[in-house]
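The working numbering numbers the first residue of the sequence shown as 6 and each following residue consecutively.
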Amino acid sequence: MSSPPSPHVPAPHESAPHESAPIESAPIESAPVESAPVENCCVQTYRDRAAIDRVRQQFCAMSTDASWQDAPSPRLAAHRWPWMEALSSGLGHVPFWLEAVTDDGPVGGLPLMLVRGPLFGKFLVSLPYLNTGGLWCRDKTAGNLLVDAACRLADELDVKHLELRHEIPFAHDRFNFERTDKVHMRLALPSDCEALMKSFKSKVRSQIKKSLTETFDVTFGGAELLDPFYDVFAQNMRDLGTPVFSKRLFSAILNSFQGDAELCVLHHDGIAAAGALLVHGNGTTEVPSASCRQQFNRKNANMRMYWHLLERAIQRSSGTFDFGRSSEGGGTFKFKQQWGAKPDPATWQYYVRHGDPASLRPDADGKQRLVSAWKRLPVWLTKIIGPSIVRGIP
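Written out as structure tokens, the structure is:
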């Protein structure tokens, strides 16, 4: 996960009593369904959850052997099999796993989720909620076959578009749109926290030391921290004008990853001030979701939290800390950059069948009025109506 990607393949809530019941996905047929072999290679499309779990674990185990040493590997955890389980159970998405195989075994894989909702339509994404996804394969031939199969699946499901969240672009003539407006921000970690502190510029060290004088209670844990974490997260999403994910998603991530996923919550005088979700694995710690209440900005709560998150990553022997994606030059980009994070490319590639993917962005024409209206809603209401909206947004 922490090794650089190859140019061949591409390589980010208060208990809601009104939260809707778990979403049941529509029945899906069993698999695999094979395409015609090409150059002694074919693609199998798995649609059954039990089969997906089985073959993905087998695939990930096989991809660690010597024959895969030179194969490109995704930088993040998107291809770790617990993500499929968490996104399927936490968001109600229908999972698919495409696998390129030869007589010698798997040579490539592509995880996909069918994202659908009443407001925006249907999409096939690798992978929703996360910043990366897409192809993981040993050669260009396997990658081409996987993209071909994914496009056929998109046609079969009649989705608006297929979205592969790559880092390095993969050349294929079916791709007809791409986004490169954001970058991944990643920090190479030293082996100890003292060296990390010394690596920061004086302004950052001063802010950290100032935050350490504040009376924050910092706690790492699991499901017992879900309510205060979600309180902070839901309020922050409301303040940004963005529908909030269901608390069920974060519960599913904790359950699927077990000890490799945890929450961090900062309390001040008994009030949850900041919170983050961490996922550790393959030498990298990533933070898919993190939030801080605005009223604690003057106490440097966010600086305090991120210092402890970086400490935790070093304690977990991670060599890379992934801050997530940001628009280059924007406010969050500069916040992450001050910690020493460096930009890595993010190239989201699309096979568009209907509509315009750019129209789904919050800064698209007409969306700002909706964002402004959402900011005025009470947080308790956004917890009720937000999850059913955001689960349909790719």
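We put the CB at the ideal spot given by N, CA and C, even for glycine.
Checklist entry - In whole angstroms, what separates the C-alpha of Met308 from that of Leu217? => result Rounded to the nearest angstrom, the gap between the Cα atoms of Met308 and Leu217 is 9 angstroms.
Checklist entry - My guess is that Gly391 and Val249 are in contact by the Cβ rule of under 8 angstroms, so how many angstroms apart are they, rounded? => result Between Val249 and Gly391 the Cβ distance is about 4 angstroms, and since that is below 8 angstroms, they are a contact.
Checklist entry - Can you name, in chain order, every residue of its own chain whose Cβ lies under 6 angstroms from the Cβ of Ile220, other than the five neighbours on each side? => result The amino acid occupying residue 220 in the given sequence is Thr; Ile does not appear at that position. Result list for Thr220: empty, nothing under 6 angstroms.
Checklist entry - Taking just the CA atoms, how far does Ala176 sit from His13? => result Confidence at His13 is low in this model, with a pLDDT of 35, below 50, so its placement is unreliable and the value that follows should be read with caution. Using only the alpha carbons, I get a separation of about 9 angstroms.
Checklist entry - From this set, Leu382, Leu115, Val188 and Gly324, which residue's C-alpha is nearest Val106's C-alpha? => result Nearest option by C-alpha distance: Leu115.
Next on the checklist: Out of Val376, Ala281 and Asp58, which one is the CA nearest neighbour of Arg317?
Outcome noted: Considering only alpha carbons, the answer is Ala281.
Next on the checklist: Among Asp327, Glu172, Leu259 and Lys215, whose alpha-carbon lies nearest the alpha-carbon of Asn287?
Outcome noted: Comparing alpha-carbon positions, the option among Asp327, Glu172, Leu259 and Lys215 lying closest to Asn287 turns out to be Asp327.
Item to check | Contact between the stretch 232-244 and the stretch 200-217 (3+ Cβ pairs under 8 angstroms) | outcome: Touching, no, given that fewer than three Cβ pairs across the two stretches are closer than 8 angstroms.
Checklist entry - Between which two residues does the beta strand (DSSP E) harbouring Thr405 extend? => result Lying outside 6 to 399, the shown extent of the chain, residue 405 is not represented and no answer is given.
Checklist entry - Going by the beta-carbon positions, is the gap between Arg170 and Thr137 smaller than 9 angstroms? => result Yes, they are a contact pair.
Checklist entry - By the 10 Å Cβ neighbour count, where 16 or more other Cβ atoms means buried, how is Asn149 classified, buried or exposed? => result With 16 or more other Cβ atoms within 10 Å, it is buried.
Checklist entry - Between which two residues does the alpha helix (DSSP H) containing His313 stretch? => result It spans Ala306 to Gln320 - the alpha helix (DSSP H) in which His313 sits, taken as one unbroken run.
Checklist entry - If you count every other CB in all the chains shown that lies within 10 Å of the CB of Gln354, and 16 or more means buried, which is it? => result With 16 or more other Cβ atoms within 10 Å, it is buried.
Next on the checklist: For Met89, tell me which candidate among Ile213, Ser131, Leu158 and Asp108 has the shortest Cα-Cα distance.
Outcome noted: For Met89, the closest C-alpha among the options Ile213, Ser131, Leu158 and Asp108 is that of Ser131.
Checklist entry - Are Ala239 and Lys388 closer than 9 angstroms when you measure CB to CB? => result Yes. Within cutoff.
Item to check | Reduced DSSP secondary structure (H/G/I, E/B, other) of Ser251 | outcome: Note: Ser251 maps to coil in three-state DSSP.
Item to check | Delimiting residues of the beta strand (DSSP E) encompassing Arg184 | outcome: For Arg184, the enclosing beta strand (DSSP E) covers residues Phe182 to Arg184.
Checklist entry - Given Lys5, which residues of its chain have a CB within under 8 angstroms of its CB, disregarding the five upstream and five downstream residues? => result One cannot answer for residue 5 here, as it falls past the ends of the chain, which runs 6 to 399.
Next on the checklist: Here's a check: name, in chain order, each residue in its chain whose Cβ is nearer than 8 angstroms to the Cβ of Leu386, leaving out the five neighbours to either side.
Outcome noted: If we look at Leu386 and ignore the five residues flanking it on each side, it has no Cβ neighbours.
Checklist entry - Taking the alpha carbon of Gly279 as the point to measure from, which residue in Asn260, Ser251, Trp312 and Ala266 has its own alpha carbon closest? => result Just to set this straight, residue 279 is Ala in the shown sequence, not Gly. Looking at the Cα atoms, Trp312 is the closest of the given residues.
Next on the checklist: Taking the alpha-carbon of Trp344 as reference, which of Arg366, Met310 and Asp361 has the nearest alpha-carbon?
Outcome noted: Checking every option, the nearest Cα to that of Trp344 belongs to Met310.
Checklist entry - Any heavy atom of the ligand NAD closer than 8 angstroms to the Cβ of Trp102? => result With respect to the ligand NAD, the structure shown offers nothing to examine, as it has no ligands at all.
Checklist entry - Which parts of the stretch 93-165 are runs of the beta strand (DSSP E), unbroken and 3 residues or longer, counting only runs that do not cross its ends? => result DSSP runs (the beta strand (DSSP E)) wholly in the stretch 93-165: 99-107, 110-122 and 126-131.
Checklist entry - Do Ala257 and His285 have their CB atoms nearer than 9 angstroms? => result No; because the gap between Cβ atoms is not below 9 angstroms, this pair is not in contact.
Item to check | Reduced DSSP secondary structure (H/G/I, E/B, other) of Leu365 | outcome: Residue state for Leu365 is assigned as helix, using DSSP reduced to three classes.
Next on the checklist: Quick check on Ala295: buried or exposed, where buried means 16 or more other Cβ atoms within 10 Å of its Cβ?
Outcome noted: Buried is the call here.
Item to check | alpha helix (DSSP H) segment containing Ser211, residue limits | outcome: Per DSSP, Ser211 belongs to the alpha helix (DSSP H) from Ser207 to Leu217.
Checklist entry - Distance, Cα to Cα, Glu229 vs Gln320? => result Taking the straight line from one Cα to the other gives about 21 angstroms.
Item to check | Local conformation of Ala277 per DSSP, three classes | outcome: Looking at Ala277 - three-state DSSP - the assignment turns out to be strand.
Item to check | Simplified DSSP assignment, three categories, for Phe175 | outcome: In the structure shown, Phe175 sits in coil (DSSP, three-state: anything other than H, G, I, E or B).
Checklist entry - Which partner residues of Thr224 appear in the DSSP bridge assignment? => result As a beta-bridge residue in DSSP terms, Thr224 pairs with Val270.
Next on the checklist: Which of the three DSSP states is assigned to Ala401 in this structure?
Outcome noted: The question about residue 401 has no answer here: the residues shown for the chain are numbered 6 through 399.
Checklist entry - Is Ala257 helix, strand or coil by DSSP? => result For Ala257, the secondary structure class from DSSP, reduced to helix, strand or coil, is helix.
Item to check | Unbroken beta strand (DSSP E) run spanning Ser332, endpoints | outcome: Thr325 to Ser332 is the extent of the beta strand (DSSP E) around Ser332.
Checklist entry - Given a threshold of 16 other Cβ atoms within 10 Å of its Cβ, counted over all protein chains shown, does Leu283 qualify as buried or as exposed? => result Per the 10 Å Cβ criterion, buried.
Next on the checklist: Please classify Lys203 as buried or exposed, where buried requires at least 16 other C-beta atoms within 10 Å of its C-beta.
Outcome noted: It counts as exposed.
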